[in-house]
Amino acid sequence: MSNEIFSLPRFAHLLRQYFIARRRELMRYTLTTTVMILFFIICYMGDNPTVSPKSWIFFRTWIYIPFQVIILCLCVALASRSFIDLHTSKGILAETTTPASQLEKFLARWTLSIPLPLLICATIIIAFKTIGYTLLFILYGKDNLVTAIGFSESLQIQFSWIIAVTWLQAFFFLGATRRFGAIVIIAAIACLILLTALIGSNDIRFLIITAYRIPTLLILCVTPACCYIASYFIYRRVDINSRS
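For the sequence shown, the working numbering puts the final residue at 1515, and the numbers step up evenly by one.
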């Protein structure tokens, strides 16, 4: 019965175990993200968008958008594999014999699959942004500061991109609780809508119900939360059924 009470030290130990088990996936994600950002920077430097408007249009269309979409897909891929080990009898046995509460095990999977990839991506982007801006400022000096500022703005993390990743992660995290979850179909539809909004503008206009932002923010926050709550109850039922 004590295992059903949330324990922070036990959760930290469990999180470390899950991290070790998924370290290869997280490492591949980190390396791929880094390579993509380096490619992004090389293309930027080779065809500097701050020089001419035409160059900026080309850069944004053929480099910037694919970069965002690929990183988005990587985040979604990690979310879709959150419960991959529970689809085998060996994985279910290991899960049920782990001395931890259901909430601890669920939160450990959620932490590694949802906020951690976003945190890794954001950290890498901010690091490259800071280093690149500093180097350009040193190389060009104050006389040509527009180049350094343009580079810094080009690596700006957009609100629409964060919303797209958060929504898709939530849908695929819910779909991952079942081997062939019907929710994946909903996620594919959401992917199409959100990517269209992402490519079309800097804000998701179709979610703005009124002139006020409160309904929009409620929809943006409540929908992923509902997916995570549903995921927890599905995971809990699977865990209980496997114990009986």
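Using N, Cα and C, we set each Cβ at its ideal position, and we do this for glycine too.
- Measuring C-alpha to C-alpha distances from I1433 to each of Y1411, S1423 and C1492 identifies C1492 as the nearest.
- Judged by DSSP in its simplified three-state form, Q1427 adopts coil rather than helix or strand.
- CA-CA distance, I1336 to Q1429, rounds to 11 Å.
- The C-beta distance from A1435 to L1343 rounds to 6 Å, short enough to fall under 8 Å.
- In this structure, A1441 and C1498 form a Cβ contact; the two beta carbons are roughly 4 Å apart against a cut-off of 8 Å.
- With respect to the C-alpha of L1416, the residue from L1426, R1352, T1437 and Y1404 having the closest C-alpha is Y1404.
- Straight-line measurement puts the Cα of S1372 at about 21 Å from the Cα of A1496.
- Per DSSP, the continuous alpha helix (DSSP H) segment holding S1384 begins and ends at Q1373 to S1384.
- Per DSSP, reduced to three states, the secondary structure at F1444 is helical.
- Residue environment analysis places F1277 among the exposed positions, since fewer than 16 neighbouring C-beta atoms fall within 10 angstroms of its C-beta.
- Boundaries cannot be given for I1355, as no alpha helix (DSSP H) includes it and DSSP labels it neither H nor E.
- Put simply, the backbone Cα of A1501 is about 29 Å away from that of M1298.
- The shortest C-alpha to C-alpha distance from G1446 to any of A1348, I1291, T1301 and S1423 is the one to A1348.
- Per DSSP, the continuous alpha helix (DSSP H) segment holding R1287 begins and ends at L1279 to A1292.
- F1311 is the residue among S1425, T1494 and F1311 whose C-alpha sits nearest the C-alpha of I1341.
- In the assembly as shown, R1380 is a buried residue. Its beta-carbon has 16 or more other beta-carbons within 10 Å.
- Around the beta carbon of E1424, fewer than 16 other beta carbons lie within 10 angstroms, which makes this residue exposed.
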